[in-house]
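Take a look at the structure set out below.
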Amino acid sequence: MKTADTATTVGKINPDVLAFTEGKDPVLDLALAEVDCLGTAAHVTMLSHMDFRPVLFTETQRVAVIRALRDIIDEVRRGVFTITAADQDVHLAVERRLTERLGDLGKKVHTCRSRNDQVAVDIRLHVRNELNALSEEVADLAEALLAFGETYRKIPLVGRTHLQPAMPSSVGMWASAYAEMLLDDGYLLEAAAKVNNLCPLGSAAGYGVPLPIDRQLTSDLLAFDRPHHNVFYASCARGKDEAVLLAACAQIMLSLSRLAEDLILFSMPEFRYFTLPRDLCTGSSIMPQKYNPDVLELIRGKAALLLGQSTAANVILKAMPGGYNRDLQDTKELYMEGLRVTRTSLRIMKLMAENLKVNPEACRAAFAEPGVFATDRALELVAGGMPFRDAYHQVRDHLEDLRGMDPDEVIAKKTHLGGTNGIDFAALRGRAEAFRAQAAAAQARVDAAFASLMNV
Ligand code: ARG
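Using our numbering, the first residue of the sequence shown is number 44, and each one after it goes up by one.
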């Protein structure tokens with residue numbers, strides 16, 4: 044049997060098997076290289092604090108390892124760190140690099156650790172950083188929609204049910220609805236952050252180790268809320284954080300997809316309520332007149348991809364037996380791709396929201412058909428003392444009388460909470476700001492913990 048003779052760290056493996064099992068890890072794991080070093084720094088620091096003889100790591104050895112890890116992080120940032128096929132993944136690549144630099148000391152870092160808890164902690168550290176950035180992007184888009192909505196809050200828009208004209212709405216109501224939807228999706232990100240911010244390190248292969256490690260210390264060093272309690276559960280929890288995050292991302296993409304659909308519709312020449320700036324549209328190779336909303340169509344498509352990635356992650360977990368299983372490796376790719384798509388989509392939608400033009404005359408022209416005022420008129424009659432059902436019939440029999448009603452007047456009358464003239468833009472902006480501030484503060488805590496961990 045031919046074997047990959049360079050695979051010295053964990054034995055010789057048939058090259059085809061090696062290629063199949065490592066899959067895209069040598070590439071995907073590059074995104075984890077920095078957090079892998081941080082996880083190792085925390086682990087070695089914890090080992091150096093252990094009240095255990097013989098001493099596992101002296102302070103001098105700890106400092107040497109951390110310095111070497113800092114150099115590796117530097118290589119990662121300069122783009123010169125590589126994961127070879129023989130390494131299989133980032134964990135063995137970092138260990139190889141440490142051993143190249145530190146000799147026997149490098150061979151000690153895997154004491155009381157397995158790649159199972161190592162990859163689990165790497166992903167959680169990665170998810171945490173990404174979640175904070177993603178949360179800020181959600182806040183950015185919500186704020187862009189609120190700014191747009193507030194600017195055009197007095198422009199009437201035909202409100203629709205079943206896509207048919209229903210009742211007068213406004214551009215402010217339309218835009219701030221999607222902002223509020225995104226802020227509610229933010230609750231799911233908060234839940235995902237809570238599920239994610241637990242430290243699996245020390246579970247090792249999934250059953251702990253026979254030495255008195257301090258799992259609380261490792262967790263504190265990495266600024267987790269706490270360690271997972273049961274080490275077997277810590278290993279079973281791999282994949283859950285990614286699946287929960289993907290579910291939250293899928294909800295965000297559903298919100299974006301519905302926003303995109305409205306924009307496609309309302310920017311059609313037949314509606315012309317909005318105009319997409321030409322430089323955010325794409326042309327046709329044959330039809331010279333075209334400015335197409337490809338961005339918005341791609342958002343719709345990418346919402347489908349996210350639903351697929353979220354479903355795939357859940358299905359991988361569905362019949363997963365307890366303990367580590369290699370299928371878990373595939374949740375990593377789903378998570379990374381799903382996250383990338385969601386973040387890109389949020390940023391491109393913000394560009395759309397910031398540059399969208401409103402055509403007030405087209406918005407008002409859509410009120411030429413009088414039916415859209417019918418319900419408001421019926422309720423006016425109710426306010427004059429008529430029972431609602433009588434008012435309903437009277438209006439239905441005299442729809443033509445409503446022709447020429449002023450949509451500006453009608454939308455100004457809805458002053459109740461959340462009505463066309465009752466939207467609390469300041470409160471919604473406050474929610475967006477608070478959401479961003481919370482993510483920024485969480486990231487600042489993480490950055491401070493990392494700085495002190497690596498500061499030797
Ligand atoms: N690349 C692997 C993963 O993502 C790392 C863990 C491998 N551990 C193992 N026992 N085969 O899951």
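Yeah, the Cβ is synthetic: ideal placement off N, Cα and C, and Gly gets one too.
Along the chain, which unbroken stretches of the alpha helix (DSSP H) at least 4 residues long are found entirely within the stretch 381-422? The qualifying runs are 403-408.
If you draw a straight line from the C-alpha of Val137 to the C-alpha of Val106, how long is it? If you number the sequence shown from 1, residue 137 lands on position 94. If you number the sequence shown from 1, residue 106 lands on position 63. Straight-line Cα distance between these residues: approximately 17 Å.
Tyr276 CB to nearest chain C CB: under 8 Å? Among the chains in the structure shown there is no chain C, since it carries only a single protein chain.
Helix, strand or coil at Val98 according to DSSP, with G and I counted as helix: Here residue 98 corresponds to residue number 55 of the sequence shown, with the count starting at 1. Reduced to three states, the DSSP call for Val98 is coil.
Within the same chain, show all residues whose beta-carbon is closer than 6 Å to that of Leu297, passing over the 5 residues directly before and after it, in chain order. Mapped onto the sequence shown, residue 297 falls at position 254. Ala346, listed in sequence order.
Tell me the rounded alpha-carbon separation between Leu254 and His153. The residue given as residue 254 occupies position 211 in the sequence shown. The residue given as residue 153 occupies position 110 in the sequence shown. In a straight line, the C-alpha of Leu254 is about 13 Å away from that of His153.
With DSSP as the reference, label Val201 as helix, strand or coil. As a first step, residue 201 is located in the sequence shown; it is residue number 158 there, counting from the start. If DSSP states are grouped into helix, strand and coil, Val201 belongs with the strands.
How far does the beta strand (DSSP E) with Pro208 in it extend, from its first residue to its last? Sequence index remark: in the sequence shown, residue 208 carries index 165 (1-based). Residue range 207-213 is occupied by the beta strand (DSSP E) that includes Pro208.
Three Cβ pairs or more, each shorter than 8 Å: is that satisfied between the stretch 332-347 and the stretch 243-253? Short answer: they don't touch.
DSSP state of Thr125, grouped into three classes? One-based indexing of the sequence shown puts residue 125 at position 82. The answer is coil: DSSP assigns Thr125 none of H, G, I, E or B.
Given this structure, state the Cα-to-Cα distance separating Ile466 from Phe493, to the nearest angstrom. Taking the first residue of the sequence shown as 1, we reach residue 466 at position 423. Taking the first residue of the sequence shown as 1, we reach residue 493 at position 450. Cα to Cα, the separation comes out at about 42 Å.
Rounded Cβ spacing between Asp257 and Met93 (contact assumed at less than 8 Å): The count along the sequence shown starts at 1 and reaches residue 257 at position 214. The count along the sequence shown starts at 1 and reaches residue 93 at position 50. Contact between Asp257 and Met93 holds, since their C-beta atoms are separated by about 7 Å, short of 8 Å.
So, does the stretch 474-492 touch the stretch 177-194, judging by three or more C-beta pairs under 8 Å? Three or more beta-carbon pairs drawn from the stretch 474-492 and the stretch 177-194 are found closer than 8 Å, and the two stretches are therefore classed as touching.
Between the Cα of Glu193 and those of Asn175, His205, Ala220, spot the shortest distance and give me the residue it belongs to. In the sequence shown, residue 193 corresponds to position 150, counting from 1. A check of alpha carbon separations from Glu193 across Asn175, His205, Ala220 identifies Ala220 as the nearest.
Alpha helix (DSSP H) containing Phe468: first to last residue? Position 425 of the sequence shown, counting from 1, holds the residue named residue 468. Here the alpha helix (DSSP H) through Phe468 covers 468-497.
Quick one: measure Cβ to Cβ for Leu319 and Leu399, integer angstroms, because I've assumed they're closer than 8 Å. Here residue 319 refers to the residue found at position 276 of the sequence shown. Here residue 399 refers to the residue found at position 356 of the sequence shown. Yes, they are in contact, since the Cβ atoms of Leu319 and Leu399 sit about 7 Å apart, within 8 Å.
Within the present structure, is the beta-carbon of Tyr367 separated from the nearest heavy atom of the ligand ARG by less than 7 Å? Locating residue 367 in the sequence shown gives position 324, where the first residue counts as 1. Yes; taking the cut-off as 7 Å, the Cβ of Tyr367 has a heavy atom of the ligand ARG nearer than that.
Find the nearest neighbour of Phe95 within the set Thr125, Cys155, Arg203, Phe63, judged by alpha-carbon distance. Numbered from 1 along the sequence shown, position 52 holds the residue referred to as residue 95. With distances taken between Cα atoms, Phe95 lies closest to Cys155.
Using the Cβ count rule (16 or more neighbours within 10 Å means buried), how would you classify Glu65? Counted from its first residue, the sequence shown places residue 65 at position 22. Under this definition Glu65 is a buried residue.
Drop a sphere of 10 angstroms on the beta-carbon of Ala356, count the other beta-carbons inside from all chains shown, and report buried for 16 or more, exposed for fewer. Locating residue 356 in the sequence shown gives position 313, counting from the first residue. By the neighbour-count rule (16 or more Cβ atoms within 10 Å), Ala356 is buried.
Quick check: does the Cβ of Leu141 come within less than 7 Å of any heavy atom belonging to the ligand GDP? Among the ligands in the structure shown, the ligand GDP does not appear; only the ligand ARG can be found there.
Please classify Thr325: does DSSP put it in a helix, a strand, or coil? Locating residue 325 in the sequence shown gives position 282, where the first residue counts as 1. For Thr325, the secondary structure class from DSSP, reduced to helix, strand or coil, is strand.
Starting from Met93, trace the alpha helix (DSSP H) in both directions and tell me its first and last residue. Start at 1 with the first residue of the sequence shown, and residue 93 comes out as number 50. For Met93, no alpha helix (DSSP H) segment is defined, and its DSSP state is neither H nor E.
In chain order, which alpha helix (DSSP H) runs of at least 4 residues are fully inside the stretch 112-198? Whole alpha helix (DSSP H) segments, 4+ residues: 133-145, 158-194.
Alpha carbon to alpha carbon, what distance is there between Val60 and Ser480? By 1-based counting over the sequence shown, the position of residue 480 is 437. By 1-based counting over the sequence shown, the position of residue 60 is 17. Note on residue identity: the sequence assigns Ala, not Ser, to residue 480. Spanning the alpha carbons of Ala480 and Val60 requires a straight line of approximately 47 Å.
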